[in-house]
Amino acid sequence: MRKIKNILFYSILVSFLYSCKVSEMVKIDDISMLNGRYYTKSIPHKEQQGEYQNHLLRLLNVIEDIRSSYYIDIDFQNNENLKISYPIYKNDTTLVETRHLQGKKRRKYWEVYFENESVNIPFIYGRVIKDRVRIGKNTKNQLLMEKFTN
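Numbers in this note's numbering are just positions in the sequence shown, counted from 1, shifted up by 1059.
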């Protein structure tokens, strides 16, 4: 019995050491250090339906036709407002689309919630829906975006 308790204790301890941390991101002193043009590419997932995955804009919940989007301009207005611009293909022409997102600057990243819902009735029902993105820089000064959904 004691051996089982020790194994359980150490497994819980190890899981706390390796869960839910932002280890790759470095501290951001000025949010404008994230401003710039970032190049991206998409990988066809279901070409018949025009679905593309692994694209920077999909992380930001952009649902337009992004086949022509090979870059994204990120411009932080302040610690709470982000402006993104990207090319899209509409009516046989390429246009530059602009979106504004509101979020919050944290110590190591900037975070935006697209959906944050929590419904709890203790012991009967519980549901948590979160859809968020964290934007930061890693130790190699590269853009790092983390998408969290459940």
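Even for Gly, the Cβ is constructed at its ideal location relative to N, Cα and C.
query	result
Whether glutamate 1156 touches tyrosine 1168 by CB criterion (8 angstroms)	no
Range of the contiguous beta strand (DSSP E) that encloses arginine 1165	Counting along the chain, arginine 1165 falls outside any beta strand (DSSP E), and DSSP gives it neither H nor E.
Beta-carbon spacing of isoleucine 1147, leucine 1154 below 8 angstroms	yes
Same chain, Cβ closer than 6 angstroms to leucine 1160, neighbours up to 5 away in sequence not counted	Leu1141 and Val1171
Backbone secondary structure at lysine 1142 - three-state DSSP	strand
Any chain C beta carbon closer than 8 angstroms to glutamine 1201	Of the chains in the structure shown, none is chain C; there is only one protein chain.
8 angstroms Cβ cutoff met for lysine 1189 and threonine 1208	yes
Among Ser1127, Ile1133 and Gln1136, nearest to aspartate 1151 - alpha-carbon criterion	Ser1127
Candidates Pro1181, Lys1149, Ile1143 and Phe1182, of which the one nearest isoleucine 1194 by Cα	Ile1143
Inter-residue spacing [alpha-carbon to alpha-carbon] between proline 1181 and asparagine 1094	44 angstroms
Bridge partners - lysine 1206, DSSP secondary structure assignment	Val1192
Neighbourhood of tyrosine 1129 by C-beta, 8 angstroms cutoff - its chain only, sequence neighbours within 5 removed	Tyr1098, Thr1099, Lys1100 and Pro1146
Residue from Val1178, Gln1136 and Lys1206 with nearest C-alpha to isoleucine 1090	Gln1136
Classification of leucine 1116 by the beta-carbon crowding that lies within 10 angstroms, buried from 16 upward	buried
Cα-Cα separation between arginine 1186 and asparagine 1120, rounded to whole angstroms	22 angstroms
Run of the beta strand (DSSP E) containing tyrosine 1097, from where it starts to where it stops	1095 to 1098
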